[in-house]
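In our numbering, the protein residues as written are 2 to 658.
Structure (C-alpha cells):
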C-alpha cells in the first residue's frame with residue numbers, strides 16, 4: 002500500500018481542515034513533540050481503512066465521539082492510497098446528535114464511486130490489503146508505547162508477553178492460569194481441612210480412632226472418587242462451554258493464519274524484490290529516474306482525473322452558458338426588432354424634419370404671397386389709374402376728333418399743329434395699354450402660382466396631420482413595448498425562480514418518498530432483529546439444555562449429581578454430538594445475521610439522517626411553497642407571458658401596416 006493523500010477535519014487534535022500529501026515522497030518520517038498529533042495521523046489512516054482505531058479498544062472502539070475534536074460535533078477523514086497500480090479513496094464522516102449519531106462512508110475505486118455495505122467494504126479492504134484490522138494493527142502498525150518495548154525488552158519474557166498481547170493469547174493464558182490457581186487453592190483448602198480433622202481425631206480414643214480411620218479411609222476414597230468425578234465433570238462442562246468459543250477462535254485463527262500466509266508471501270515477494278534491488282543497485286540512477294518518471298506519470302494520471310472531473314464541471318457550466326447564450330440570442334433578436342423600430346422612427350423623424358422644412362417654405366410662400374397681394378393692390382390701383390387715364394384718353398380722342406373737325410374747318414397750320422399733339426397723346430395711350438396688359442399678365446401668373454402653392458400647402462397639411470397621428474401611435478407602441486419588455490424580463494426571472502423551486506419541490510417529494518422507504522426498511526430491520534433476539538434466546542436455552550444433557554450422559558447410575566446433589570437413577574443413552582454441532586452452527590448463523598442487521602440498521606439510520614438534513618435544507622429554500630402552489634404560480638406566469646407575446650404580435654402587425 003502506498004499512501005497518497007490524507008485529509009482531516011476535527012479529528013482528535015486536528016481541529017479544522019488539514020491535508021497531508023504523501024505523493025512526492027518515497028519514504029517519510031512522522032516526527033514532532035509529544036501531543037503534536039503524530040499518532041493521530043496513524044489513527045486517522047486506521048479509521049479511514051477500518052472505521053476504528055487501535056488506541057480505543059473495548060467499548061470505546063465503537064464510540065466515534067471519542068475521536069471528535071473537543072467542542073466539535075462532526076468530523077471527516079479522507080484517505081487516498083494505491084495498491085498494485087490501482088487507486089482507492091475512502092471518505093468517512095461522523096456527526097454527533099442527541100440520539101448518539103451514526104457514521105457515514107463512501108468508497109472510490111480508480112475514481113469510480115462503489116456502493117458497498119459496511120461488511121462488504123471491510124471484505125473489499127481486506128482483499129485489497131490482504132490484511133484484516135487485527136492483523137493490520139499487529140503486523141503493520143504496532144499500538145502506541147509498545148514498539149520500543151518490543152525491540153528492547155527489559156527482561157527476556159517481556160517480548161513474549163508483548164507478542165502474546167499482540168496475538169491475543171494473553172487472555173487465554175490468563176484464563177488457564179486462573180483455573181489452575183483456583184484448583185490449587187481448592188485442593189490446598191481441602192488438605193488443610195483434613196489436617197485439622199486429623200488433629201481433632203488424634204485426641205479421641207484408639208477404638209474411635211480405628212473406627213474413624215476406617216471411615217476416613219472410606220471417606221477419602223469416596224472423596225477422591227467424587228473429587229475426580231467433579232473435576233472430570235467440571236472439565237467436561239468447561240470444555241463444553243469453551244468448545245464453541247474455541248470453535249470461533251479456531252475460525253479466527255484460520256483467518257489470521259491465512260492473512261499471515263498471505264503476508265508471508267508478500268514478505269517473500271519483498272525479499273525477492275530486495276534481492277533484485279541489490280542486483281540492480283548499479284542501475285540505481287536509472288531506477289530512480291524511472292521511479293521519478295513513474296511518479297510523474299501517477300501525478301499526470303491524478304491530474305488527468307482531476308481535469309476530467311473539472312472538464313465534467315466545465316461541460317455542465319458550458320451547457321448552462323449555452324442555454325444562457327440562447328436566451329441572450331433571443332434577447333438580441335428582440336433588440337434587433339427594436340432597432341428596426343428605431344430606424345422606422347428615425348425615418349418618421351426625417352419626415353417630420355421634411356415637414357418642418359415644408360412649413361418653413363410655406364411661411365416663406367405666405368410672406369411672398371402677402372408681398373404679391375400688396376403688389377396686386379398696387380397693380381389694381383395702377384389699373385384703375387390706367388382705366389381712368391384710358392377714360393380720359395377716350396374723352397381726349399373724342400375731343401381730338403371734334404378738334405379735327407374744327408381743324409378741318411380752320412386753317413391748315415392749326416390742323417398740323419393739333420395733329421402733332423394728338424399723335425403724342427395717342428403714343429402715350431398705347432404705352433399705357435401695353436403696361437396695363439403686362440401687369441395683368443404678371444398678376445394672372447402670380448395668381449396661378451399662388452393657387453398651386455396653396456394646393457401643395459393643403460396636401461402638406463394633410464400629410465402632416467397623418468404623420469403626427471402616426472408618430473403618436475408609434476410613441477404609444479414604443480412605450481407599450483418598453484413596459485412589456487420590462488414586465489417580460491421580470492416574469493421570465495420569476496418563472497426561472499419558480500422552475501428552480503419546482504425542481505426542488507419535486508426533489509423534496511422524492512426525498513420524502515425515500516425517507517418513507519428507509520423508515521419502512523428500518524421498521525422491517527427492527528422487527529427482524531427482534532425476531533432474531535427471540536430466536537437467539539431460545540437457542541441459548543436449548544444450548545444450556547444440551548449441556549445439561551451432556552452432563553447427565555456422563556454420569557453413571559448411582560452417581561451423585563454435582564448440580565442438584567441427588568442420586569442419578571436410570572440413564573438413557575443419547576446422541577447429542579450432531580444436535581450440539583447443528584445448534585452451534587445455527588447460533589453462529591443467527592449471530593451473524595444479527596450483526597448484519599445491526600450494521601444494516603446503523604447504515605439506514607445514517608442514510609435517514611442525511612436525507613432528513615437534505616429535506617430540512619430544501620424546506621428552507623422553498624420558503625413555505627409546495628409543488629401545487631408553485632405549479633399554479635408557473636401557470637399564472639405563463640398566461641401573462643402569452644398575453645405579452647400577443648401584444649407584441651399586435652404591435653408588429655401594426656408596424657407592418
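Glycine residues also receive a C-beta, built at the ideal position from the N, C-alpha and C atoms.
Given the structure is predicted, the values throughout are model-derived calculations rather than measurements.
- Following the DSSP letters along the chain, one finds residue 111 in no beta strand (DSSP E), marked with neither H nor E.
- In the structure shown, residue 22 adopts extended strand secondary structure according to DSSP, grouped into three states.
- Residue 90 is a Cβ neighbour of residue 82, given a cutoff of 9 Å.
- In this chain, the alpha helix (DSSP H) harbouring residue 45 covers 39 to 51.
- The closest CA to that of residue 510, considering only 623, 260, 19, 37, is found on 623.
- Between the alpha carbons of residue 519 and residue 526 lies a distance of about 10 Å.
- Sequence-distant Cβ neighbours of residue 505 in its own chain, meaning closer than 8 Å and more than five residues away, are 619, 622, 623.
- DSSP, reduced to helix, strand and coil, places residue 7 within a strand of the structure shown.
- Taking a C-beta distance under 9 Å as the contact criterion, residue 594 and residue 533 qualify as a contact pair.
- For residue 129, no beta strand (DSSP E) encloses it; the enclosing alpha helix (DSSP H) starts and ends at 119 to 130.
- Residue 80: member of the beta strand (DSSP E) spanning 75 to 84, first to last residue.
- For a cut-off of 8 Å, the C-beta gap from residue 508 to residue 612 is around 11 Å, too long to register as a contact.
- Between the alpha carbons of residue 40 and residue 10 lies a gap of roughly 16 Å.
- Here DSSP, grouped into helix, strand and coil, assigns residue 137 to helix.
- According to the DSSP secondary-structure assignment, residue 94 is paired through a beta bridge with 77, 105.
- Distance from the CA atom of residue 68 to the CA atom of residue 12, rounded to whole angstroms, is 6 Å.
- Between the beta-carbon of residue 103 and that of residue 603 there is about 6 Å, and that keeps the pair under the 8 Å contact cut.
- Between the C-alpha atoms of residue 449 and residue 436 there is a straight-line separation of about 20 Å.
- Exposed is the label assigned to residue 115, since fewer than 16 other Cβ atoms lie within 10 Å of its Cβ.
- With respect to residue 117, residue 50 sits apart: the two C-beta atoms are not nearer than 9 Å.
- In this structure, the beta-carbon distance from residue 496 to residue 639 falls below 9 Å.
- Beta-bridge pairing by DSSP links residue 12 to 15, 69.
- Under the 10 Å beta carbon count, residue 194 is surrounded by fewer than 16 other beta carbons and is classified as exposed.
- Per DSSP, the beta-bridge partners of residue 87 are 84.
- The three-state reading of DSSP puts residue 2 in coil, since its state is none of H, G, I, E or B.
- The C-beta of residue 46 has 16 or more other C-beta atoms within 10 Å across all chains shown, which makes the residue buried.
- Here DSSP, grouped into helix, strand and coil, assigns residue 186 to helix.
- DSSP, read as helix, strand or coil, puts residue 56 in coil.
- In chain order, 499, 502, 503, 506 place their CB closer than 7 Å to the CB of residue 631, counting only its own chain and leaving out the 5 sequence neighbours on each side.
- By the beta-carbon neighbour count (other beta carbons within 10 angstroms, threshold 16), residue 65 is buried.
- If the five residues before and after residue 608 are omitted, its C-beta is found closer than 8 Å to the C-beta atoms of 105, 519, all from its own chain and listed in chain order.
- In this structure, residue 23 places its C-beta atom within 9 Å of the C-beta atom of residue 6.
- Taking C-alpha positions only, residue 446 is separated from residue 375 by approximately 15 Å.
- Per DSSP, reduced to three states, the secondary structure at residue 34 is coil, with no helix or strand assignment.
- If you draw a straight line from the Cα of residue 127 to the Cα of residue 53, it is about 14 Å long.
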